[in-house]
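>
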Amino acid sequence: MPGKRIFSMPDEMRGRSDKIITLRFDRSDTVDLPCACNYPMGVSVVCDNIGRLRVLRTAEVSVGDGGLWRPYPTITWLDGVEEPGQLVTRVAALNREGGISIVNTPNGVFDERLVKEAERRRIYVEYIDGAENSVRN
């Protein structure tokens, strides 16, 4: 597929950094979304002062050995997945070097503005509840 590249990386978006997955995405397939939170600038995330974040629009994860690809979230809401009391919005955002960085809101903060706009634009979002071990999209 032109433009799409395949990467092996930890499953950080779902809070399972100990699990290595294979992803396929195009780094140029991004969209600027309004956001209501301050994301850490230490990772040089592309954003501006009027509350917008450049987000990876689509990604796919390899499933099984048969060459099957399924949608993979580029925005997640993690509720107690990595540790009790965790409540973060996690985003796959474009960084200034042209790569993708995974960034979080501060703990306890849900970036409703970003998530709602992403859903409106049909970007795949997952809500993951660690206590119930459930995923909702």
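Converting from the sequence shown to this note's numbering requires adding 9 to each position, the first position being numbered 1.
Glycine is no exception: its CB is placed at the ideal position from the N, C-alpha and C atoms.
Using 10 angstroms around the beta-carbon of Arg99, count the other beta-carbons present and answer buried if the total reaches 16, otherwise exposed.
buried
> Measuring alpha carbon to alpha carbon, tell me which residue in Gly12, Ser17, Ile15, Glu21 is nearest Ala102.
The residue with the shortest Cα to Cα distance from Ala102 is Glu21.
> In whole angstroms, give me the CA-to-CA distance for Gln95 and Ile29.
22 Å
> Using a 10 Å radius around the Cβ and a threshold of 16 neighbouring Cβ atoms, would you call Ile15 buried or exposed?
Under this definition Ile15 is an exposed residue.
> So for Ala68, helix, strand or coil by DSSP?
Ala68 falls in the coil class under three-state DSSP.
> Roughly how far, in whole angstroms, is the beta-carbon of Val134 from the beta-carbon of Pro80, given that I think they are within contact range, below 8 Å?
No, Val134 and Pro80 are not in contact; Cβ-Cβ is about 10 Å, not under 8 Å.
> Applying the criterion that 16 or more other CB atoms from any shown protein chain within 10 Å of the CB defines a buried residue, is Ala140 buried or exposed?
exposed
> With distances taken from CA atoms, which of Leu42, Asn113, Arg145 is nearest Glu126?
Leu42
> Let's test the definition: count the other Cβ atoms within 10 Å of the Cβ of Val144 and tell me whether it reaches 16, buried, or not, exposed.
Exposed, since its Cβ has fewer than 16 Cβ neighbours within 10 Å.
> I need the boundaries of the beta strand (DSSP E) containing Ala101, first residue and last residue.
96-103
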